[in-house]
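Just so you know, we're using our numbering here: the sequence shown kicks off at 2 and counts up by one. Remarks on the structure that follows.
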Amino acid sequence: MDKKAVFDFDQTLINVNSFTKWVAFLLSKSFENGDYKLFYKVSILIFRRKIIKTLSHQNFKKTLIELNLKQDYYELFAIELSEYINQEVLNHLIELNQKKYKIAISSAAPEKYLKEFIKKYIPVKEILVIGTIVENNVLNDNFGERKVVNLVKKGFLNPKKEFDILFTDSYDDFHLAELAKEIYLIFPDEVSKNKYEQTFPEKLTL
Numbered sequence: 002m003d004k005k006a007v008f009d010f011d012q013t014l015i016n017v018n019s020f021t022k023w024v025a026f027l028l029s030k031s032f033e034n035g036d037y038k039l040f041y042k043v044s045i046l047i048f049r050r051k052i053i054k055t056l057s058h059q060n061f062k063k064t065l066i067e068l069n070l071k072q073d074y075y076e077l078f079a080i081e082l083s084e085y086i087n088q089e090v091l092n093h094l095i096e097l098n099q100k101k102y103k104i105a106i107s108s109a110a111p112e113k114y115l116k117e118f119i120k121k122y123i124p125v126k127e128i129l130v131i132g133t134i135v136e137n138n139v140l141n142d143n144f145g146e147r148k149v150v151n152l153v154k155k156g157f158l159n160p161k162k163e164f165d166i167l168f169t170d171s172y173d174d175f176h177l178a179e180l181a182k183e184i185y186l187i188f189p190d191e192v193s194k195n196k197y198e199q200t201f202p203e204k205l206t207l
């Protein structure tokens, strides 16, 4: 039977929330590049989301994902994110790959920049990467229970069978944690730490 490990991305494989960084990056880089049309679009979205609060987080995220961006935005952002790699977690990933584990990275981060980052900075050839995408004009937000659904859809997980190891920082991954034999908790906040200790004490590695 295949051995399998699933890694969260934000605040696990990297030490920051990448989506927050992405919004700031798009704003600053579009202005720096003189791409004022993009700068205006992102500014309006931020204004509607943060100031007058007429745009939900889901629609904010969907609209940003649907932006038609030049490839160099993704490439330059991957370079910026590389500064935040959690080397200890990356070492675990590399070691598990060497031990013939199948590896998946599952994140709520937009899949476009997530795949660009993984391609450049994760030295593993065979790896499944699932992020948030827009399909048929609908946001497939790879978050919470959707992580399990999408990993099952890709044939990586069986919803009726356990997999070996989960690396995460957050209790938002509860549904994945239910299926994991072992959970590596990476710098969790106190709420997530307490919930994991109460719910999965026998699985937990801090």
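Ideal Cβ positions, reconstructed from N, Cα and C, are used throughout, including at glycine.
ask   = Can the beta-carbon of A181 be found closer than 8 Å to that of E203?
value = Here the question's residue 181 lines up with position 180 in the sequence shown. Here the question's residue 203 lines up with position 202 in the sequence shown. No; because the gap between Cβ atoms is not below 8 Å, this pair is not in contact.
Continuous beta strand (DSSP E) stretch holding N141: start and end = As a working mapping, residue 141 is identified with position 140 in the sequence shown. First-last of the beta strand (DSSP E) with N141: V139 to N141.
query = Helix, strand or coil: which one does DSSP assign to I66?
reply = Sequence index remark: in the sequence shown, residue 66 carries index 65 (1-based). Secondary structure at I66: helix, using DSSP grouped into helix, strand and coil.
ask   = When the Cβ atoms of the region 102-113 are set against those of the region 77-87, are three or more pairs found closer than 8 Å?
value = Cβ pair count under 8 Å is below three, so no.
task = Using DSSP bridges, identify the partner residues of K5.
result = For the purposes of this step, residue 5 is taken as the residue at position 4 of the sequence shown. As computed with DSSP, K5 is found in a beta bridge with K103.
request  = Output the distance between the C-alpha atoms of L207 and I184, rounded to the nearest integer angstrom.
outcome  = Residue 207 sits at position 206 when you count from the first residue of the sequence shown. Residue 184 sits at position 183 when you count from the first residue of the sequence shown. Each residue's Cα considered, the two are about 8 Å apart.
inquiry  = Going by DSSP in three states, I128 sits in which element: helix, strand or coil?
reply    = The sequence position of residue 128 within the sequence shown is 127, counting from 1. Secondary structure at I128: coil, using DSSP grouped into helix, strand and coil.
task = Please go through the same chain and pick out, in chain order, the residues whose beta-carbon is closer than 8 Å to the beta-carbon of K42, but skip the five residues on each side of it.
result = Translated into the one-based positions of the sequence shown, residue 42 becomes position 41. Around K42: L68.
request  = Over the uninterrupted alpha helix (DSSP H) stretch that includes E183, give me the two end residues.
outcome  = Walking along the sequence shown from the start, residue 183 turns up at place 182. That residue, E183, is in no alpha helix (DSSP H); its beta strand (DSSP E) goes A181 to L186.
request  = State the beta-bridge partners of T133 as determined by DSSP.
outcome  = Residue 133 sits at position 132 when you count from the first residue of the sequence shown. Under DSSP, T133 takes part in a beta bridge, and its partners are P111.
ask   = Ends of the beta strand (DSSP E) at F144?
value = The residue labelled residue 144 in the question sits at position 143 within the sequence shown. Per DSSP, F144 lies in no beta strand (DSSP E) segment and is marked neither H nor E.
key: Range of the contiguous beta strand (DSSP E) that encloses I166   = Residue 166 sits at position 165 when you count from the first residue of the sequence shown. Run containing I166: F164 to T169, per the beta strand (DSSP E) assignment.
query = L206 by DSSP, collapsed to three states: which one?
reply = Taking the sequence shown and counting its residues from 1, the one referred to as residue 206 is at position 205. With the sequence shown as reference, residue 206 is identified as Thr, and Leu is not the correct amino acid for it. T206 falls in the strand class under three-state DSSP.
DSSP beta-bridge partners of I15 = Translated into the one-based positions of the sequence shown, residue 15 becomes position 14. In the DSSP secondary-structure assignment, I15 is bridged to I86.
ask   = For N137, is the classification buried or exposed, using 16 other Cβ atoms within 10 angstroms of its Cβ as the cut-off for buried?
value = In the sequence shown, residue 137 corresponds to position 136, counting from 1. For N137, the number of other beta carbons within 10 angstroms of its own is below 16, and it is reported as exposed.
inquiry  = What residue range does the alpha helix (DSSP H) around N208 cover?
reply    = Because the chain here runs from 2 to 207, residue 208 falls outside it and cannot be looked at.
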